[in-house]
Structures are given as C-alpha cells and as structure tokens.
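Peer 1:
Number of protein chains: 2
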Amino acid sequence: MYQCCHSKEYEKTVNSKYLHPVNETLSCLFCTTLSLPALPAYHFRFPREQQTLPNHFYFTDYERHNAEIAAFHLDKILGFRRAMPVTGRVLHLTKELYDIAEPELLKTFFISPAENYCFHGHCSYYCDTSHAVCGNPDKLEGSFAAFLPEKEVVGRTLRKHPWRRSYHKRRKALWETDPNYCDAVKISPPYNEGIILLDLIDTSIFDFISGNMDRHHFETYSIFNNDSFPIHLDHGRAFGKPFHDELSILAPLTQCCLIKQSTLLTLLSLHNGAKKLSDLMRESMADDPIMPILWEPYYPAMDRRVKIILEAVRGCILKSASESDAQSAPPTTGQGSKKPNSA
Amino acid sequence: MYQCCHSKEYEKTVNSKYLHPVNETLSCLFCTTLSLPALPAYHFRFPREQQTLPNHFYFTDYERHNAEIAAFHLDKILGFRRAMPVTGRVLHLTKELYDIAEPELLKTFFISPAENYCFHGHCSYYCDTSHAVCGNPDKLEGSFAAFLPEKEVVGRTLRKHPWRRSYHKRRKALWETDPNYCDAVKISPPYNEGIILLDLIDTSIFDFISGNMDRHHFETYSIFNNDSFPIHLDHGRAFGKPFHDELSILAPLTQCCLIKQSTLLTLLSLHNGAKKLSDLMRESMADDPIMPILWEPYYPAMDRRVKIILEAVRGCILKSASESDAQSAPPTTGQGSKKPNSA
Chain D
1 MYQCCHSKEY EKTVNSKYLH PVNETLSCLF CTTLSLPALP AYHFRFPREQ
51 QTLPNHFYFT DYERHNAEIA AFHLDKILGF RRAMPVTGRV LHLTKELYDI
101 AEPELLKTFF ISPAENYCFH GHCSYYCDTS HAVCGNPDKL EGSFAAFLPE
151 KEVVGRTLRK HPWRRSYHKR RKALWETDPN YCDAVKISPP YNEGIILLDL
201 IDTSIFDFIS GNMDRHHFET YSIFNNDSFP IHLDHGRAFG KPFHDELSIL
251 APLTQCCLIK QSTLLTLLSL HNGAKKLSDL MRESMADDPI MPILWEPYYP
301 AMDRRVKIIL EAVRGCILKS ASESDAQSAP PTTGQGSKKP NSA
Chain C
1 MYQCCHSKEY EKTVNSKYLH PVNETLSCLF CTTLSLPALP AYHFRFPREQ
51 QTLPNHFYFT DYERHNAEIA AFHLDKILGF RRAMPVTGRV LHLTKELYDI
101 AEPELLKTFF ISPAENYCFH GHCSYYCDTS HAVCGNPDKL EGSFAAFLPE
151 KEVVGRTLRK HPWRRSYHKR RKALWETDPN YCDAVKISPP YNEGIILLDL
201 IDTSIFDFIS GNMDRHHFET YSIFNNDSFP IHLDHGRAFG KPFHDELSIL
251 APLTQCCLIK QSTLLTLLSL HNGAKKLSDL MRESMADDPI MPILWEPYYP
301 AMDRRVKIIL EAVRGCILKS ASESDAQSAP PTTGQGSKKP NSA
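Residue numbers (full-length UniProt numbering), protein chains in the order written: chain D, 1 to 343; chain C, 1 to 343.
Encoded structure:
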C-alpha cells in the first residue's frame, strides 16, 4: 500500500483527499479513492504552450500536470532517480470520481455553462466554482505518480531548503543578497558532512533545467539519517518559462562551487554526446499516453541550460584555479551515478 | 461632490476604497483619492477579444473595464439614460496611485517578475498577489464613471431584482422554472403600479443586448418613491459572449409580454433605420481615449439581438392577439423616450 504524496491531508480518509488545498498538497488530489497506484495532479488544465503569466511569481504560478510528467523523465535522464514515476492519463470524471464520491465531495460537482462536468473540492482558498476542475465533457487529463511508501511504514524527515525563496512579493531570502551564504551552510548540520549538500546542488541543476523555483522544502528517508537523498517531489510549477533561464535557481552550485563528479560527467555527456538532453527527453516521453508532454520551445531550453550549467562550473574553476576543478563525491549506489543513456 | 458607486465600502475614507472586495463593489476601486469625478473599475485587464471562459458562470465571470464603457454608450443609444457616463483612460499607477497611497494600501504594491507595477488592495477574497492589478510597466487602462450624488445627499432604495438569478452553480431561480412567474410579480408592490415593471423590462432588453446576466439588484432614487427609474449600474460582466445570445435575460419581456411603446419604437428604428445599433455604437464610442472599446464580433451580435427582441415581441403579439400588441406606458420625461439618433 502506498500513499501519493507528502501532505498531512493525504493521510485522511479517502474522500477527504479530494477536499484539497491548492498548495503543495494539491498533488494529492484524487489518489486512493480510485485504488490506483498513481494520482493525477492539480486542478485547472492548460494547453501545453501556456507559459507562466508574466506578472506571476513562482509562488503564484499555476500548476501544470504535464510538468510533473516531464520532471520525472528529466530526473531519470539526469541519473538522479529521486522522483517517483509519473505518467499522464485521461480520467473520466463521471465513473472514476463522481460515481464513487461521498456527499461532501459530491456537492462540489456541477455542470458548467459549457455543459462540462466540473468539481472543486473543499479547502481554505481557491476551492470554488471559478477555480474548478472541468472535464470535456467528462474527460480530463491528469498526471499520475506512483505512491511513496506510507509514512507509517517508511518515515521521512522534512527540512526547509537552505536556498528556499522568501515566498513574499517584496522580500528576498538571505542567500539572494549574501554572496558568501554557502560558507554558513557548509558548516551547518546536516550540510557539514556527507553528500547532502552535493545532493541539493544536484537538485538545483535539476530545477534549473526544468525552471522550477518552488523548491521550498525537501524530504529524506529518516532511517538512512543523512546518508540519503532528497526525494524529488512537487514539480507542477516547473516548465513554465521556456524563453527565460532563471539563473538564481543555480545559486547552490554557483555560490558553493561544488558539483558531484558523476553529475558533471552526465552533463558533459548530455552536452557533447551523440544525443542531447532534448533528444533523450523526446525519446523518454514518446510513449506517455498524453504525449506530447512539452511544448517545443522547452527542448532547446533544456539544451541551452545544460550549457549554462557547464559555463557556471567553468566559472568556478576559473575563480579558484588552485582548488580542485570539481569536487568528487564518494561513489554512491544508484544515486546520481548513472549515465544518461543507462537511464 | 459625488461618489462613485453603490457600495457601503465606498463611503469609507479615501484609501480604504482601494481595499476592495471583488464583487459588485469593485467598481469603487480607485475613486476619490484621485480627486477625479470618475473612477476606473476592476482589477485584472484582459484583451478585447477575451471571452467569458466556457466553464465560468455569470457569477464567476471576470469583470471587463471596457464592458462598463460600452454599456454606458448602449444605454444612451437605447434612450434610457440610466447609466452614469463612463470613459476609458490610461492611468499611471505610480503618480496617480502609489505616490498618494496610505500605508495599508501601499504595502500591497509590488514589482512583478516582468517588472511591472502591481497592487492588489485588501478584501476578504481574491485580493492577493495572484489576482493583482498590474500596469505596463505602470500604465493601466481603466474605465472611469461619473460619480452618483452621495447617498447622504440623494438617498437610494436598493431592491432585489425579481428576475435575479440563483447565484448558485446548481440551483435555479423560481422564474426559470415557473412560466407564470410574471403573474405573481405583476400583483406585488412595487411592480403592481406605475412603470417600474416596464422599466425593468427595458433593463432586460439592455442586458440582453449587452449579454449581462449579473443584474441581481437594482437601485432607484428614494425621493421619487416608485415614480423613478432603476439606475443602470455595474456592467463589468456584460459583453463577454459575442457568439451566444442568452435568451433567459429576456425573461421579464417574454414572461410578462410587456414593453414600453417608446422602447419598441427605438428597437424598430435600430432594426429598420438608416443606422443600425452597431453603427451608432461605433460612432458613439469612436472618441473614447481607449478605443476600440469592443471586439468586432460584438457589433453583429448587438444587431442580431435587436432582431431577437423584436421576434420575441412578435411572439407575444401572436400569443395574445386579442390583447393590445404592446402596452403603452404613460409618457415619461426623459426616461426611455429618446430616439436613438437623439442620444
């Protein structure tokens, strides 16, 4: 038995999972009522070419179900294997939701003026008729992720990301104004030993390529203490700006000037190899039931961002020519050590 | 001294008017802080071709500042003269709002990721960063309405519209299911005497042509008791569906089978005359500072709807050939008696 994501809400009864808040727990929408090993994520559905609205911040950006799918494939190709498998699927709102909904959820269903089936669930904000999920007329694309083991079975530790953003429209986080921020992180537990800092730099590379600015927390499996990896969860706000490369996402890399050797080799292979990252992403996502997953401009964007990361690494090398060019991490089993083509 | 609209919020202090709820009182946004005899209405700005979202109800539709402008011109051309003059204008968020804002309002201002000036005010729902008003970078189109006399000077009576909708995603109003609904209205005060019922039928004609389903209340000047007209206020949800004629808006006409002679003559003139309604609307709005005000498909829609109204009148005549074809109202001074070309 698995659970779908990392929210407390998700541990409530089956139907209560539909009564969702529209935040990071939203990816729990639908889940186990369907007795599926997977879940569709987010309300609203946008066409693939819908970009983040220019006046929206990372924390007011809409969630994109296709971004969850693409992020899983990207994580796999980068060799991290820290994201749960996600697939697209067309859901039938009537037989897969309406027919089994309990009264509390049922009363949020309605037929829209365009005669589509819609529902909105319950939550503290944005769960209302104007922010509903609507089918066409009852068919709805979703992204479905494999469930993580239940927290009662395999506990997880939740930590604030040291490079988290302010989540405020005017305030900046400390790391955005302090160029020496990494020095403080490096000497603070748990980042002062093991590979967790290098893992977070991997995550920043993953997030930079996907354009995800919404990495506020991270979770690890508690039983491994600090000898574990950050699970890559919640990527609905990735893949929103194909024409803008958000360099601040790379701050863990550029401020610490650290990168795993295995990750660097992977990036070099994706840049110089026979197949670029965009080629591998196309191949990997080709069989998804709701392909195409990404709008075309994201493919050159991913290749361009690989190059930007390598340039950032080169900048670190130039800045500190006397230090080793790239700090090797101790070899790990399965984490971050795979070549792209072995994914 | 005038006030801008009909909400209690509006009678608060100048800056508090910016701390607005997103409902019918929203048209008070901006107002007297600018010491202008006019106000821009609504947050968000949409391109002219933005239609009501197909899954949105009349009560979840966005508000359109250009609809307020077009509605004023339509009301004038129809000869009703019950809407306050509204004009478009480009507002400078910095010098006209930011520079004079008080601290409570000021803290809702921010610079968006696209480097535009934005603010959202305070209210119970939807006044947040993701529903902000944003300039480009500080210029913002607005609709500005002349103020009505302050309520303390000229009091107004607020009444529920007898053909108001349910404002619920599943429930219907009584008039939607009872074909004899008008019989009950006709014998109920204040509709059982005077011209107020005929005035509301005028309003339904005005709303049908503009596609406004949001006529939940109406106000009259109290000093005139029932010998006054419903003021045409709040048209931000008109002009949202150019390709759909919402016949239910005409229910007061089709259920009562009553129409003022003057209104019928105006409609006949708009249908058969040298200039159609669309021609007169184009001429009337040509000088607005933010023209063009309406997307092209609304012009044929207005002419088509005039024809539909006349067909509805013909239907009434056929249905009750023994009754007078159209009930004449006692001549009124200035209200509903103007010819289109005299507007």
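Ideal Cβ positions, reconstructed from N, Cα and C, are used throughout, including at glycine.
(1) What does DSSP give as the partner residue(s) for C118/D in the beta ladder?
(2) Can you give the Cα-Cα distance for Q261/D and D287/D, rounded to whole angstroms?
(3) Could you please give me the residues that DSSP links to K139/C through a beta bridge?
(4) My understanding is that V154/C touches I290/C, with C-beta atoms under 8 angstroms, so please give their C-beta distance in whole angstroms.
(5) For a cutoff of 8 angstroms on Cβ pairs, would you count R64/D as touching chain C?
(6) Can you list the residues of chain D that N55/C reaches, using a CB-CB cut of under 8 angstroms?
(7) Alpha carbon to alpha carbon, how far is H244/D from D279/C?
(8) Are the beta-carbon atoms of T108/C and H120/C separated by less than 8 angstroms?
(9) For the region 161-172 of chain C, enumerate the residues whose C-beta is nearer than 8 angstroms to any C-beta of chain D, in chain order.
(10) Inspect the CB distances between the region 157-177 of chain D and the region 121-128 of chain D and report whether three or more fall short of 8 angstroms.
(11) Can you have a look at L250/C and say buried or exposed, based on whether 16 or more other CB atoms are within 10 angstroms of its CB?
(12) Does the region 45-56 of chain C come close enough to the region 292-303 of chain C that 3 or more CB-CB pairs lie under 8 angstroms?
(13) What would DSSP say about C31/D, mapped onto helix, strand or coil?
(14) Given this structure, state the Cα-to-Cα distance separating K139/D from E150/C, to the nearest angstrom.
(15) Along the chain, where does the alpha helix (DSSP H) that runs through T220/D open and close?
(16) Would you check if there are 3 or more beta carbon pairs closer than 8 angstroms linking the region 183-191 of chain C to the region 270-285 of chain C?
(17) In terms of residue numbering, what span does the beta strand (DSSP E) encompassing R156/C cover?
(18) Would G240/D and D61/D be called neighbours here (beta carbons separated by less than 8 angstroms)?
(19) Report all residues from its chain with a CB closer than 6 angstroms to the CB of D207/D; omit the five preceding and five following residues, and keep chain order.
(20) Taking 8 angstroms as the threshold (beta carbon to beta carbon), is T129/C in contact with chain D?
(21) Return the first residue and the last residue of the alpha helix (DSSP H) that R282/C is part of.
(22) Residues of chain C with CB closer than 9 angstroms to the CB of T60/D, please, in chain order.
(23) Please report how far the alpha carbon of C316/D lies from the alpha carbon of E141/D, in whole angstroms.
(24) At the level of alpha carbons, what is the spacing between S188/D and R304/D?
(25) Compare the C-beta of E141/D against all C-beta atoms of chain C and say whether one is closer than 8 angstroms.
(26) Taking its Cβ as the centre, do 16 or more other Cβ atoms sit within 10 Å of A321/D, making it buried, or is it exposed?
(27) Are L78/D and T266/D close, meaning C-beta to C-beta below 8 angstroms?
(28) Under a three-way DSSP split, which group does T263/D fall into?
(29) Once DSSP output is grouped into helix, strand and coil, what is the label at H271/C?
(30) To which residues does DSSP link I231/D through a beta bridge?
(31) Rounded to whole angstroms, what's the CA-CA distance from K160/D to G236/D? Just pull it up for me.
(32) Using C-beta distances below 7 angstroms, list every residue in its chain close to I137/D, excluding the 5 sequence neighbours before and after it, in chain order.
(33) Could you spell out the range, first to last residue, of the alpha helix (DSSP H) harbouring V306/C?
(34) Quick check on this structure: which residue in I201/D, Q255/D, A146/D and A312/D has the alpha carbon closest to the alpha carbon of L233/D?
(35) Using a 10 Å radius around the Cβ and a threshold of 16 neighbouring Cβ atoms, would you call E63/C buried or exposed?
(36) Under 8 angstroms Cβ to Cβ from A301/D, same chain only, skipping five residues before and after it: list those, please.
Peer 2: This is what the structure holds:
(1) Numbered from 1 along the first sequence, position 118 holds the residue referred to as residue 118/D. F110/D and C134/D, per the DSSP bridge assignment.
(2) Locating residue 261/D in the first sequence gives position 261, counting from the first residue. Locating residue 287/D in the first sequence gives position 287, counting from the first residue. Approximately 31 angstroms, taken between the alpha carbons.
(3) On the second sequence, residue 139/C is found 139 positions in, with the first residue counted as 1. Paired residues: H92/C.
(4) Mapped onto the second sequence, residue 154/C falls at position 154. Mapped onto the second sequence, residue 290/C falls at position 290. Contact flag wrong, Cβ pair sits at about 30 angstroms.
(5) If you number the first sequence from 1, residue 64/D lands on position 64. Not one chain C Cβ lies under 8 angstroms of R64/D.
(6) By one-based count along the second sequence, residue 55/C stands at place 55. Correct list: S112, P113, A114, N116, C118, A132 and C134.
(7) Looking up residue 244/D in the first sequence gives position 244. Looking up residue 279/C in the second sequence gives position 279. Approximately 45 angstroms between the Cα atoms of the pair.
(8) Position 108 of the second sequence, counted from the start, is the residue given in the question as residue 108/C. Position 120 of the second sequence, counted from the start, is the residue given in the question as residue 120/C. Result yes, Cβ atoms of T108/C and H120/C sit closer than 8 angstroms.
(9) K169 and R170
(10) no
(11) In the second sequence, residue 250/C corresponds to position 250, counting from 1. Result: buried.
(12) yes
(13) Taking the first residue of the first sequence as position 1, residue 31/D is located at position 31. Only weak support is given to the placement of C31/D: the predicted model assigns it a pLDDT of 35, under 50, and the question is left unresolved by the model.
(14) Stepping through the first sequence from its first residue, residue 139/D is reached at position 139. Stepping through the second sequence from its first residue, residue 150/C is reached at position 150. Using only the alpha carbons, I get a separation of about 52 angstroms.
(15) Locating residue 220/D in the first sequence gives position 220, where the first residue counts as 1. From DSSP, T220/D is part of no alpha helix (DSSP H) but of the beta strand (DSSP E) over H217 to Y221.
(16) no
(17) As a working note, residue 156/C is residue 156 in the second sequence. R156/C -> beta strand (DSSP E) spans R156 to K160.
(18) Taking the first residue of the first sequence as position 1, residue 240/D is located at position 240. Taking the first residue of the first sequence as position 1, residue 61/D is located at position 61. Contact flag set, yes.
(19) Counted from its first residue, the first sequence places residue 207/D at position 207. Counting only Cβ-Cβ distances below 6 angstroms, and skipping sequence neighbours, we find R215 and I249.
(20) Start at 1 with the first residue of the second sequence, and residue 129/C comes out as number 129. Yes - at least one Cβ of chain D is within 8 angstroms of the one on T129/C.
(21) As a working mapping, residue 282/C is identified with position 282 in the second sequence. Taken as a continuous stretch (DSSP letters only), the alpha helix (DSSP H) holding R282/C covers L277 to M285.
(22) Sequence index remark: in the first sequence, residue 60/D carries index 60 (1-based). Ordered by position in chain C, the residues that pass the 9 angstroms Cβ test against T60/D are D128, T129, S130, H131 and A132.
(23) Translated into positions along the first sequence, residue 316/D becomes position 316. Translated into positions along the first sequence, residue 141/D becomes position 141. If I take the Cα positions, the gap works out to 43 angstroms.
(24) Position 188 of the first sequence, counting from 1, holds the residue named residue 188/D. Position 304 of the first sequence, counting from 1, holds the residue named residue 304/D. Roughly 33 angstroms separates the two Cα atoms.
(25) As a position in the first sequence, residue 141/D is number 141, starting the count at 1. Chain C, which has no Cβ nearer than 8 angstroms to the Cβ of E141/D, makes this no.
(26) Within the first sequence, residue 321/D is the residue found at index 321, counting from 1. Under this definition A321/D is an exposed residue.
(27) As a position in the first sequence, residue 78/D is number 78, starting the count at 1. As a position in the first sequence, residue 266/D is number 266, starting the count at 1. Contact: yes.
(28) In the first sequence, residue 263/D corresponds to position 263, counting from 1. In the structure shown, T263/D sits in a helix (DSSP, three-state: H, G or I).
(29) Position 271 of the second sequence, counting from 1, holds the residue named residue 271/C. DSSP places H271/C in helix when its eight states are reduced to three.
(30) Here the question's residue 231/D lines up with position 231 in the first sequence. I231/D pairs with E219/D.
(31) Numbered from 1 along the first sequence, position 160 holds the residue referred to as residue 160/D. Numbered from 1 along the first sequence, position 236 holds the residue referred to as residue 236/D. Roughly 19 angstroms separates the two Cα atoms.
(32) Here residue 137/D refers to the residue found at position 137 of the first sequence. As written in the sequence, residue 137/D is Pro, which differs from the Ile given in the question. Hits under 7 angstroms: E115, N116 and Y117.
(33) Here residue 306/C refers to the residue found at position 306 of the second sequence. First-last of the alpha helix (DSSP H) with V306/C: Y298 to K319.
(34) Indexing the first sequence from 1 puts residue 233/D at position 233. Answer by Cα proximity: A146/D.
(35) Taking the second sequence and counting its residues from 1, one reaches residue 63/C at position 63. The residue is buried, with at least 16 neighbouring Cβ atoms inside 10 Å.
(36) Locating residue 301/D in the first sequence gives position 301, where the first residue counts as 1. Here the set comprises G211, P242, F243 and D245.
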